[in-house]
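See below for the structure under consideration.
Protein chains: 2
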Amino acid sequence: MRVVKVPLGSRSYSILIAPALLERLGAECRKLGLGQRCAIITDTNVAPLLAARAEESLTAAGFAPLRITVPAGEKSKSIARVQECYQQLAAHRLERKAFVVALGGGVVGDLAGFVAATYLRGIAFVQVPTTLLAQVDSSVGGKVGVNLPAGKNLVGAFYQPRLVLCDLAALQSLPEREFRAGLAEVIKYGIIYDAPLFRRLERELPKILARDAGVLAAVVARCCEIKAEVVGQDETESGLRAILNFGHTIGHAIEAISGYGKFLHGEAIAIGMVAAARLSASLLGLSADEVERIRALLAATGLPVAIKLSRTNRTRLGEAMKLDKKVSAGEIKFVLARKIGAVEYGQKVPAALIDMVLAA
Amino acid sequence: MRVVKVPLGSRSYSILIAPALLERLGAECRKLGLGQRCAIITDTNVAPLLAARAEESLTAAGFAPLRITVPAGEKSKSIARVQECYQQLAAHRLERKAFVVALGGGVVGDLAGFVAATYLRGIAFVQVPTTLLAQVDSSVGGKVGVNLPAGKNLVGAFYQPRLVLCDLAALQSLPEREFRAGLAEVIKYGIIYDAPLFRRLERELPKILARDAGVLAAVVARCCEIKAEVVGQDETESGLRAILNFGHTIGHAIEAISGYGKFLHGEAIAIGMVAAARLSASLLGLSADEVERIRALLAATGLPVAIKLSRTNRTRLGEAMKLDKKVSAGEIKFVLARKIGAVEYGQKVPAALIDMVLAA
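Keeping their order, the protein sequence lines are chains A and B. So for the first sequence, this note's numbering puts the first residue at 1; every next one is plus one. So for the second sequence, this note's numbering puts the first residue at 361; every next one is plus one.
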């Protein structure tokens, strides 16, 4: 088992990474000194595959789990769904020492985390991410929240889990498209922080796409390490943490104007990263060779690397970007790369240049 | 001007107490280095009296305030109202550096604070409490949140304001009943922490009821000091902070079973405090004389000190108490008094005794 520590003082926690970890969920929760009652929040895709095993493990360790299943998909990241979860927790008398287990992908983790952050002013929660995207990204670092009609993740909190348990076995049953979308965030870590990781991904892509357990374990652990390092330095995104948003400003806007669902998050981010790489070439001198390596690795992973937008949709994209949480005084700030492995945040980008890069 | 500091490390803030402070709102916000845009969240009672002055002060200091007015009353502490506030903030493009001003009583402060705590994962907020209850209690300490159909304050966060501005002039226009209800919490501070304050309240009650500015200023400041000391030692209610809930376990339950609205919070708490004093006599040896002094001071303030409950309603009250956030492993824990000025939290009370005390 690989263990990555997220160093946040009294809010520190561990990320455990191994195959067949779900069977240890109850035992690991036991070590945290939590109350007996808990709620597993999961979705209609994951529940039939994994919820019974999670419940068995918790019950065997002496916990009394309640199961709350929400519809799979981004639409469950809504205030209405949050309210339903609250009502279930209250109806089953979950108290302050109770805890929430998020069993699923990013949507479930974000929703369940926000519920845990705000029910009774905050109860403990444990992340059991079951997708690659959630294992390397959304389950670590404490960003939880839901969407508003006006934009993605506009409501939420910084609220750290007490434990993250990455069961690598769950990755074996992921649909191909979702697995590849998760790799977009893996590639992002290479670009923003770790050139050797990027080279490894270039070199071992076939093994990764074949879901080779050994390579996957190493790669997931390395991504978690990077995220833990970044979050440990800047929990609430007042500075460095912004680098994790490489490709996300445009990516989020693409998700927004296409109505959340046409593109998976990782797919939108892939397009956003290629655009950000091109902006980086114009503004920070990223070499044409590295722009091409970024594009090529994403394309080889089977991810979209460009989007055809009408003039109307380019305008809508611009509007959507202005709602990004990183906007300050009306100015959109980008994360741009100087080279693979080294990025800078807070970069101003003229709107015309964004337009040009997207039209290319 | 009196200044009380709430010592919470990087989340420390000041409570300013003086007449005519509303005119200084803009200037005081200026000192905090907040963004230009802000939202004043207020209610239909307070808006016609004070919102224009708050806006003028903010505008004169260079801020661009948006006004959000919610219906007066406890019903506005709902998820639906939170969602409406989010949508307004998003529609007006409030960014992370924007801030929320809560202008009103406890309901407005709790609602606006929760909105601020969760919009964009948290933006700054400033409390401008306009009722006695809010000035001495709810605006200080960072408890924010809303109600669920299942119970009061079941959703929320610990989220500290950046500034609390108590304009004593606002107290002069409070309806009599509301002013007296606020005094219940003032009396509570005497019981839980400060026997000399309790004696002062006994002695100077006529002046206080006449809203003598000098006495009120001193009393409000002392209550804020006590709350700041307690919260400074235990921000998230893992221990000592529980003493602030003297009278609240039964009080909250009375509010719940009477459908939030029949009793003002302070009135329900007054009944709860007399009941808690009687329980204290049975369990912690509080003297009969002091039980009577507590009852007499509340009664002289014009507050209810007992409630007539049918057997059915006593059962409902018991059920409602079990939903209290301080319940642990199904056990309701009370704050009880050893003497006036000294209480103990985490006290177990047999259900039969509660029943007996309420039937008395």
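Where is the CB? At the ideal position from N, CA and C, for every residue including glycine.
Buried versus exposed, by CB contacts within 10 Å (16 or more), residue i
{"i": "residue 127 of chain A", "result": "buried"}
{"i": "residue 574 of chain B", "result": "exposed"}
{"i": "residue 149 of chain A", "result": "exposed"}
{"i": "residue 408 of chain B", "result": "exposed"}
{"i": "residue 321 of chain A", "result": "buried"}
{"i": "residue 369 of chain B", "result": "exposed"}
{"i": "residue 710 of chain B", "result": "exposed"}
{"i": "residue 353 of chain A", "result": "exposed"}
{"i": "residue 511 of chain B", "result": "buried"}
{"i": "residue 367 of chain B", "result": "exposed"}
{"i": "residue 520 of chain B", "result": "buried"}
{"i": "residue 26 of chain A", "result": "buried"}
{"i": "residue 489 of chain B", "result": "buried"}
{"i": "residue 554 of chain B", "result": "buried"}
{"i": "residue 587 of chain B", "result": "buried"}
{"i": "residue 251 of chain A", "result": "buried"}
{"i": "residue 156 of chain A", "result": "buried"}
{"i": "residue 315 of chain A", "result": "exposed"}
{"i": "residue 372 of chain B", "result": "exposed"}
{"i": "residue 288 of chain A", "result": "exposed"}
{"i": "residue 311 of chain A", "result": "exposed"}
Residues near residue i by beta carbon distance below 8 Å, same chain, minus five either side
{"i": "residue 1 of chain A", "result": "16, 17, 18 and 21"}
{"i": "residue 645 of chain B", "result": "698"}
{"i": "residue 207 of chain A", "result": "215"}
{"i": "residue 665 of chain B", "result": "630, 631, 634, 655, 658 and 659"}
Three-way DSSP call (helix, strand, coil) for residue i in this model
{"i": "residue 171 of chain A", "result": "helix"}
{"i": "residue 95 of chain A", "result": "coil"}
{"i": "residue 65 of chain A", "result": "strand"}
{"i": "residue 487 of chain B", "result": "strand"}
{"i": "residue 571 of chain B", "result": "coil"}
{"i": "residue 246 of chain A", "result": "coil"}
{"i": "residue 729 of chain B", "result": "In this structure chain B extends from 361 to 720, so residue 729 of chain B is not present and cannot be described."}
{"i": "residue 401 of chain B", "result": "strand"}
{"i": "residue 237 of chain A", "result": "coil"}
{"i": "residue 448 of chain B", "result": "helix"}
{"i": "residue 346 of chain A", "result": "strand"}
{"i": "residue 713 of chain B", "result": "helix"}
{"i": "residue 374 of chain B", "result": "strand"}
{"i": "residue 460 of chain B", "result": "strand"}
{"i": "residue 339 of chain A", "result": "strand"}
{"i": "residue 514 of chain B", "result": "strand"}
{"i": "residue 333 of chain A", "result": "strand"}
{"i": "residue 53 of chain A", "result": "helix"}
{"i": "residue 305 of chain A", "result": "coil"}
{"i": "residue 553 of chain B", "result": "helix"}
{"i": "residue 162 of chain A", "result": "coil"}
{"i": "residue 113 of chain A", "result": "helix"}
Neighbourhood of residue i by C-beta distance below 6 Å, restricted to the same chain and skipping five residues each side
{"i": "residue 552 of chain B", "result": "603, 606 and 703"}
{"i": "residue 677 of chain B", "result": "613 and 617"}
{"i": "residue 583 of chain B", "result": "496, 546 and 549"}
{"i": "residue 347 of chain A", "result": "334 and 336"}
{"i": "residue 544 of chain B", "result": "626, 629, 630 and 663"}
{"i": "residue 705 of chain B", "result": "602, 603 and 695"}
Cutoff 7 Å; reference residue i; Cβ partners in own chain excluding five residues on either side
{"i": "residue 438 of chain B", "result": "506 and 507"}
{"i": "residue 158 of chain A", "result": "142, 143, 235 and 236"}
{"i": "residue 34 of chain A", "result": "97, 99 and 124"}
{"i": "residue 112 of chain A", "result": "41, 100, 102 and 125"}
{"i": "residue 221 of chain A", "result": "2, 4 and 17"}
{"i": "residue 532 of chain B", "result": "571"}
Whole-angstrom C-beta distance between residue j and residue i, which should lie under 8 Å
{"i": "residue 638 of chain B", "j": "residue 720 of chain B", "result": "7 Å"}
{"i": "residue 651 of chain B", "j": "residue 641 of chain B", "result": "5 Å"}
{"i": "residue 272 of chain A", "j": "residue 248 of chain A", "result": "6 Å"}
{"i": "residue 138 of chain A", "j": "residue 109 of chain A", "result": "5 Å"}
{"i": "residue 428 of chain B", "j": "residue 448 of chain B", "result": "5 Å"}
{"i": "residue 90 of chain A", "j": "residue 168 of chain A", "result": "Rounded, the Cβ-Cβ distance is 35 Å, inconsistent with contact."}
{"i": "residue 93 of chain A", "j": "residue 683 of chain B", "result": "7 Å"}
Any chain D beta carbon closer than 8 Å to residue i
{"i": "residue 172 of chain A", "result": "No chain D appears in the structure shown, which is made up of the protein chains A and B."}
beta-carbon residue i near the ligand ATP non-hydrogen atom, thresh 7 Å
{"i": "residue 168 of chain A", "result": "In terms of ligand content, the structure shown is empty, and the ligand ATP therefore cannot be addressed."}
Practice item. Pair every Cβ in the region 75-91 of chain A with every Cβ in the region 190-203 of chain A, then say whether three or more of these pairs are closer than 8 Å. Key: no
Point to revise | Segment contact flag, the region 65-79 of chain A with the region 94-111 of chain A, C-beta cutoff 8 Å, min 3 pairs | key: yes
Check your understanding: Hey, is the region 531-543 of chain B in contact with the region 130-143 of chain A, meaning 3+ C-beta pairs nearer than 8 Å?
Key -> no
Review point. Between the region 417-426 of chain B and the region 381-393 of chain B, are three or more C-beta pairs nearer than 8 Å?
Key: yes
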